[in-house]
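This report refers to the structure that appears directly beneath it.
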Amino acid sequence: MSLRATPSQTVGPFFTIGCDRLNTSELAGPNVPGERIEVSGRVIDGDGVGIPDAMLEVWQANSAGKYAHSEDTQDKQIDAGFQGFGRIPTGPNGEFRFITIKPGPVPGPDGRPQAPHIAVSVFMRGLLRRLVTRVYFPEEAANDEDFALNFVEAERRGTLVARKVPGEGNNLEWNIILQGENETVFFDIGL
Amino acid sequence: MLNLKGFRRPLPGTQPNHLHPAYLSSIKRAPTKPLVAIPHTLSEITGPAFGSERADLKAFDLTKQYSGEPLGERIVVSGRVIDEDGRVVPHTLVEIWQCNAAGRYLHKVDQHDAPLDPNFTGCGHTLTDAAGRYRFVTIRPGAYPWGNHHNAWRPAHIHFSVFGPAFATRLVTQMYFPGDALISFDPIFNCTADEAARQRMISRFDWQTTLPEQALGFQFDLVLAGREATPWEPPARAKSK
C-alpha cells in the first residue's frame with residue numbers, strides 16, 4: 001500500500017514568528033533583466049474586510065520564461081540573483097505589495113506557451129488548506145489561449161488578471177477576494 | 192514539448208475541505224465557488240529550492256537561541272520527509288513554530304494569560320539531509336485556550352511548513368502528541384474526514400531518539416504528494432491511433 005499525504009492544517013494566527021525569515025517583497029535585484037513591475041492589492045474576506053493575518057507565496061519564471069528549478073530543462077538561461085520566490089505577509093488592512101520582473105511565457109503541457117503568469121499560494125488563519133491562484137497580466141493577447149485560463153468559465157477569468165494602475169510606473173493591482181460576487185478563481189492542484 | 196509528470200491528487204476525505212464550519216474562522220475565509228481543477232504545468236512541477244545559504248545550521252535547536260535555557264520539557268522531534276511512494280525528499284526546507292511550555296506564543300496578537308519565556312522564541316528551521324531526515328530539539332509546547340467555542344483548548348502542537356520538490360507539493364500542517372486528551376475535541380485536528388489520515392498528524396513516542404537524562408524523542412514523518420505515473424495528455428485526442 002502506498003502512503004498518503006499528511007493532511008494540511010492552517011498556519012494559524014501566529015505564523016509570522018516562524019515564517020518572517022523568508023519574507024521577500026522584492027524578488028528581483030536591480031541587475032536582474034526584465035520589465036520591472038509592482039503588484040499590489042488586498043486580501044478580502046466574506047464580509048468585505050481586509051485580512052491582516054494572511055501570507056502569500058509567489059513563484060514565477062524569469063523574464064525569459066525559465067524557472068530556476070532542475071525540472072525546467074528548456075534551453076534558456078536562469079538569472080543570477082533571481083530565484084522567482086517571494087513570501088509576502090499582509091498588512092493591517094489586508095494589503096500586500098511585491099516588486100518583481102514580469103515573467104516570460106513558459107510552455108504548457110500541450111506544448112504551446114502559457115500566457116505570462118505568477119503562481120500564488122495563500123495561507124491564513126481559517127484556511128485549513130492553502131488556496132492556489134495565479135496573477136495574469138493585462139492587455140496580453142496570449143491570455144485568450146492560456147492553458148489554465150481555458151479551464152475557467154469566461155466570466156470569472158477577469159479575477160485572475162491584474163489591472164494597470166493609471167499613472168507612472170508599471171504598477172499593477174490585483175486583489176484576492178475570498179467570497180462573493182467577484183470571488184477570485186482558485187485552482188485545485190491537489191494539495 | 193516537456194513531458195512532465197505531475198503530482199497525485201489526494202483521495203477523497205484525506206485532506207480538509209476549505210470550509211469546516213466547526214472551525215469558525217473558516218466560515219468567512221473559505222471560497223464559496225468550486226475550485227477549478229487544472230492539470231499540473233511546468234509552473235506547478237517546479238518550485239523554490241533553498242540551499243544551505245538560506246538556512247542557519249543552528250536553527251534546528253530551539254533550546255539554544257539564548258544564553259539561558261527555556262522552561263519546560265526538552266524534546267527531540269525528528270523524522271523524514273517522504274512522498275507517497277516512500278521516496279525520500281532530500282535537501283528541502285522544513286520550518287516550525289510553536290508556543291512555549293506555558294501555552295503562549297511570542298506574538299503580539301497572543302494575549303493568553305500565561306507567561307512568555309525570555310529564553311524561547313518558538314521558531315526553527317532546517318534542511319532535510321540526503322536521506323530526507325530532519326531533527327529539531329525544542330520544548331514540549333503547552334495547550335492553550337482559543338475563542339472558537341466555549342472552553343475551547345488547542346491540543347499541544349507544533350506547526351510544520353515543508354516545501355518539497357515543487358509548487359504542487361507545498362505542505363503546511365501541525366504535529367500533535369500521542370495520548371493528548373484534547374486531540375479528539377479539536378475542530379482543527381478533526382477537519383479531515385478520514386480517520387487514518389488524521390492519525391498521520393500525531394507523532395509517535397520513540398525510545399531510539401530519546402536522549403538519556405536529556406530529552407524525550409518523538410518521531411514524525413511528513414508525507415508529500417507522490418508523482419503521477421504518466422504525464423498529462425489532452426483528453427480528446429489521446430485515444431486516436
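Sequence lines, in order, name chains W and U. The numbering used here numbers the first residue of the first sequence as 1 and each following residue consecutively. The numbering used here numbers the first residue of the second sequence as 192 and each following residue consecutively. We put the beta carbon where it would ideally sit given N, CA and C, even for glycine. Model, not experiment: these values are computed from the prediction.
**Prompt:** Does DSSP classify ALA228/U as helix, strand or coil?
**Reply:** ALA228/U falls in the strand class under three-state DSSP.
**Message:** Can you pull the chain C neighbours of TRP288/U, defined as C-beta to C-beta under 8 Å?
**Reply:** The structure shown has no chain C; the protein chains it does contain are W and U.
**Prompt:** What does PHE515/U reach in chain W if we use C-beta pairs closer than 7 Å?
**Reply:** Residue 515/U lies beyond the stretch modelled for chain U, which goes from 192 to 432, so this question has no answer here.
**Request:** Determine the contact status of PRO336/U and TRP344/U, defining contact as a CB-CB distance below 8 Å.
**Result:** One thing to note: PRO336/U has its Cβ within 8 Å of the Cβ of TRP344/U.
**Request:** Kindly identify the DSSP beta-bridge partner or partners of LEU172/W.
**Result:** VAL39/W, LYS164/W
**Message:** Let's test the definition: count the other Cβ atoms within 10 Å of the Cβ of ASN93/W and tell me whether it reaches 16, buried, or not, exposed.
**Reply:** exposed
**Asked** By a C-beta neighbour count over all protein chains shown, 10 Å radius and 16 as the cutoff for buried, is PRO346/U buried or exposed?
**Response** buried
**Asked** Is any beta-carbon of chain U found at less than 8 Å from that of ALA5/W?
**Response** Closer than 8 Å to some Cβ of chain U, the Cβ of ALA5/W qualifies, so yes.
**Request:** Using a Cβ-Cβ cut-off of 8 Å, state whether SER2/W counts as contacting chain U.
**Result:** yes
**Boundaries of the alpha helix (DSSP H) in which THR16/W is found, first to last residue** = 16-19
**Message:** With a threshold of 8 Å, are at least 3 pairs of Cβ atoms found where one atom belongs to the stretch 359-371 of chain U and the other to the stretch 291-303 of chain U?
**Reply:** no
**Asked** Excluding the five sequence neighbours on either side, which residues of its own chain have a C-beta within less than 8 Å of the C-beta of PHE137/W, listed in chain order?
**Response** LYS102, ALA115, PRO116, HIS117, ASN143, VAL161, ALA162, LEU172
**Request:** Taking only beta-carbon positions, decide if ILE393/U is within less than 8 Å of chain W.
**Result:** no
**Asked** So, using beta-carbon positions, are PHE311/U and PHE368/U closer together than 8 Å?
**Response** PHE368/U sits away from PHE311/U, with the two beta carbons spaced by 8 Å or more.
**Request:** Return yes when the Cβ of VAL11/W is within less than 8 Å of the Cβ of PHE123/W, no when it is not.
**Result:** yes
**Message:** Distance check for ASN31/W and THR90/W, CA to CA, integer angstroms please.
**Reply:** Those two C-alpha atoms are separated by around 27 Å.
**Item:** Test item: CB-CB of ILE88/W and ILE176/W under 8 Å
**Value:** no
**Asked** By a C-beta neighbour count over all protein chains shown, 10 Å radius and 16 as the cutoff for buried, is GLY29/W buried or exposed?
**Response** GLY29/W should be labelled exposed.
**Message:** Classify TYR257/U: buried if its beta carbon has 16 or more other beta carbons within 10 angstroms, exposed otherwise.
**Reply:** Burial call: exposed.
**Request:** Note down, in chain order, every chain U residue with its Cβ under 9 Å from the Cβ of GLU183/W.
**Result:** For GLU183/W, the chain U residues whose C-beta falls within less than 9 Å of its own C-beta are PRO222, THR223, LYS224, listed in chain order.
**Asked** At least one CB of chain W closer than 8 Å to the CB of TRP423/U: is that the case?
**Response** yes
**Request:** Please confirm if THR10/W has its CB atom under 8 Å from at least one CB of chain U.
**Result:** True, the Cβ-Cβ gap to chain U drops below 8 Å.
**Message:** Using a Cβ-Cβ distance cut-off of 8 Å, determine whether TYR136/W contacts chain U.
**Reply:** no
**Asked** So what does PHE186/W bridge to, in DSSP terms?
**Response** In the DSSP output, where bridge partners are listed per residue, PHE186/W has none listed.
**Any C-beta of chain W under 8 Å from that of HIS209/U** = yes
**Request:** Answer with yes or no whether the minimum CB distance from SER63/W to chain U is below 8 Å.
**Result:** no
**Asked** What are the residues of the stretch 236-261 of chain U that lie near chain W, defined by any Cβ-Cβ distance shorter than 9 Å?
**Response** Those residues of the stretch 236-261 of chain U placed with their C-beta closer than 9 Å to a C-beta in chain W are ILE236, THR237, GLY238, PRO239, ALA240, PHE241, ARG245, ASP247, ALA250, ordered along the chain.
**Request:** Using the Cα positions of PHE327/U and GLU155/W, report the straight-line distance between them to the nearest angstrom.
**Result:** 48 Å
**Request:** Would you mind listing the beta strand (DSSP E) stretches within the stretch 126-167 of chain W that are 3+ residues and don't spill past its ends, in chain order?
**Result:** Within the stretch 126-167 of chain W, the complete beta strand (DSSP E) runs of at least 3 residues are 131-136.
**Close beta carbons around GLY108/W, own chain, < 7 Å, minus the five adjacent residues each side** = Sequence-distant Cβ neighbours of GLY108/W in its own chain, meaning closer than 7 Å and more than five residues away, are GLN114, PHE147.
**Item:** Members of the stretch 295-329 of chain U that neighbour chain W once the beta carbon cut-off is set at 8 Å
**Value:** TYR296, LEU297, HIS298, VAL300, ASP301, THR312, GLY313, CYS314, GLY315, HIS316
**Request:** Starting from the C-beta of CYS290/U, find all residues in its chain whose C-beta is less than 7 Å away, skip the five residues before and the five after it, and write them out in chain order.
**Result:** TYR296, GLY313, PRO332, GLY333, TYR335
**Prompt:** Whose C-beta lies closer than 7 Å to the C-beta of LEU127/W among residues of the same chain, with five residues either side of it excluded?
**Reply:** THR10
**Asked** Since ILE88/W is in the beta strand (DSSP E), which residue starts that stretch and which ends it?
**Response** 85-89
**Asked** Should the stretch 413-429 of chain U be regarded as contacting the stretch 261-277 of chain U, the criterion being three or more beta carbon pairs within less than 8 Å?
**Response** yes
**Item:** Proximal residues to GLN60/W (C-beta, below 6 Å), its chain only, five neighbours per side dropped
**Value:** GLY84, PRO103, ILE118
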